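Student: Numbering follows this note's numbering, with no gaps: position 158 of the sequence shown is 158.
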Amino acid sequence: MSEAAGTTFETVLIEEDGPVRIVTLNRPDTMNAFDDDMHHALVGALRDVGRDRTARAIVLTGAGRAFSAGGDIEQFELLADDLEVRRATLRIGRQLFEDLINVHLPVVVAVNGPAVGLGCTLVSACDMVFMSEKSYLSDPHVTVALVAGDGGQVTWPLNTGLLRAKEYLLTGDRVPPHVAVEIGMANRVVTPGSLMPESVAFAQRLAALPWQAVQDTKFVLNQHLRQSAVTALGFGFAAESQSHDTAEYRAVPATFRAQRK
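#1: Tell me where the alpha helix (DSSP H) around Phe219 begins and ends.
#2: Assign Val20 to one of two classes, buried (16 or more other C-beta atoms within 10 Å of its C-beta) or exposed (fewer than that).
#3: Taking the alpha helix (DSSP H) that Asp37 belongs to, which residues open and close that run?
#4: Cα-Cα, which of Asn112, Phe9, Met31 is closest to Ser194?
#5: To the nearest angstrom, how far is the alpha carbon of Lys166 from that of Gln153?
#6: Could you please give the first and the last residue of the uninterrupted alpha helix (DSSP H) stretch that includes Ala148?
#7: At which residue ranges does the segment 137–192 contain complete alpha helix (DSSP H) runs of 4 or more residues, listed in the order of the chain?
#8: Could you give the C-beta distance for Val175 and Val108, rounded to a whole number, given that I count them as a contact under 8 Å?
#9: Among Glu74, Thr24, Thr160, which residue has its Cα nearest to the Cα of Asp35?
#10: For Gly62, which option in Pro106, Ala247, Phe130, Leu78 has the closest C-alpha, if you only look at C-alpha atoms?
#11: Can you check which of these residues, Pro210, Asp245, Arg250, Leu158, is closest to Leu221 by C-alpha distance?
#12: For Glu15, which of helix, strand or coil comes out of DSSP?
#13: Please specify which runs of the alpha helix (DSSP H), each continuous and at least 4 residues long, are wholly inside the segment 50–107, giving them in chain order.
#14: Can you round the beta-carbon distance between Asp37 and Thr11 to whole angstroms, since I take them to be within the 8 Å contact cut?
#15: Thinking Leu105 and Arg56 are a contact (beta carbons under 8 Å), I'd like their distance in whole angstroms, please.
#16: What residue range is occupied by the uninterrupted alpha helix (DSSP H) comprising Ser132?
#17: Comparing C-alpha positions only, which one of Asp127, Ile14, Leu122 sits nearest to Phe202?
#18: Output the distance between the C-alpha atoms of Val116 and Gly18, rounded to the nearest integer angstrom.
#19: Just mark Pro210 as buried or exposed, buried being the case when its beta carbon has 16 or more other beta carbons within 10 Å.
#20: In its own chain, which residues sit with a C-beta less than 7 Å from the C-beta of Lys134, not counting the 5 before and 5 after it?
#21: Within the continuous beta strand (DSSP E) that includes Arg21, where are the two ends?
#22: How should Ala69 be labelled, buried or exposed, when 16 other C-beta atoms within 10 angstroms of its C-beta is the threshold for buried?
As structure tokens, then:
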């Protein structure tokens with residue numbers, strides 16, 4: 001048994017498939033929205049798998065009908081009112097982004113459904129992106145009166161170019177899977193039934209290649225992300241934190257409650 005195999009998280013699952021570790025976001029009843037527990041669980045899972053000497057690649061996916069809906073709307077009001085909770089949430093969010101771009105294992109993401117907000121940011125930071133025909137990407141921070149500062153400001157310009165990044169981060173528009181491939185946010189679009197088999201097969205292909213060469217090539221390529229993060233990541237999280245104090249953001253929880261009635 002590998003070192004990661006004995007680790008258990010309620011909101012993030014780790015499954016072995018030979019040298020591949022399948023990491024699954026596991027809050028399907030909330031469309032895998034990130035609360036505090038799942039933030040910490042995914043950080044823990046990435047670190048545990050990274051320490052697993054028998055692991056050679058990761059497949060990241062979501063349980064149920066979504067990859068991830070992003071931030072948990074149940075926490076929106078708390079983030080506006082409690083500065084300590086906000087600081088802690090943004091701190092673990094930054095740690096998650098940094099751990100994802102720094103983990104030495106190649107990460108293949110299988111986008112099984114909507115990847116929204118933080119979910120979209122995670123997808124954009126992975127090494128290979130497979131999207132189901134029933135999925136889409138969207139970073140709608142601005143539509144809920146927040147600065148898009150959780151990492152997308154680092155990855156989008158590198159993946160799509162600055163003008164495309166501005167188009168989607170300033171509007172929050174959805175990116176259908178075939179468009180995602182065209183603009184550089186995804187590698188392949190597959191049928192829902194083929195998503196996991198093809199994603200795992202590609203991860204197995206990476207795992208079978210000379211390990212040190214794969215690991216070091218990823219490290220060199222991700223230096224672009226690390227350099228961009230030095231410039232934009234801290235500034236983005238600070239700006240996002242400040243946007244929680246605006247009147248526009250404070251009106252968002254009440255709007256969501258009204259929509260549920």
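All residues carry an ideal CB built from backbone N, CA and C; glycine is no exception.
Fair warning: this is a prediction, and the values are worked out from it, not measured in the lab.
Tutor: On the basis of the data shown:
#1: 211–221
#2: buried
#3: 36–51
#4: Asn112
#5: 9 Å
#6: Per DSSP, Ala148 belongs to no alpha helix (DSSP H) and is neither H nor E.
#7: 152–160, 162–171, 177–183
#8: The pair is not a contact, with the Cβ atoms about 19 Å apart (cut-off 8 Å).
#9: Glu74
#10: Phe130
#11: The residue with the shortest Cα to Cα distance from Leu221 is Leu158.
#12: strand
#13: Here the runs fully enclosed are 76–81, 83–102.
#14: 5 Å
#15: 7 Å
#16: Ser132 -> not in any alpha helix (DSSP H); beta strand (DSSP E) instead, spanning 128–132.
#17: Asp127
#18: 30 Å
#19: exposed
#20: Gly113, Pro192
#21: 20–25
#22: buried
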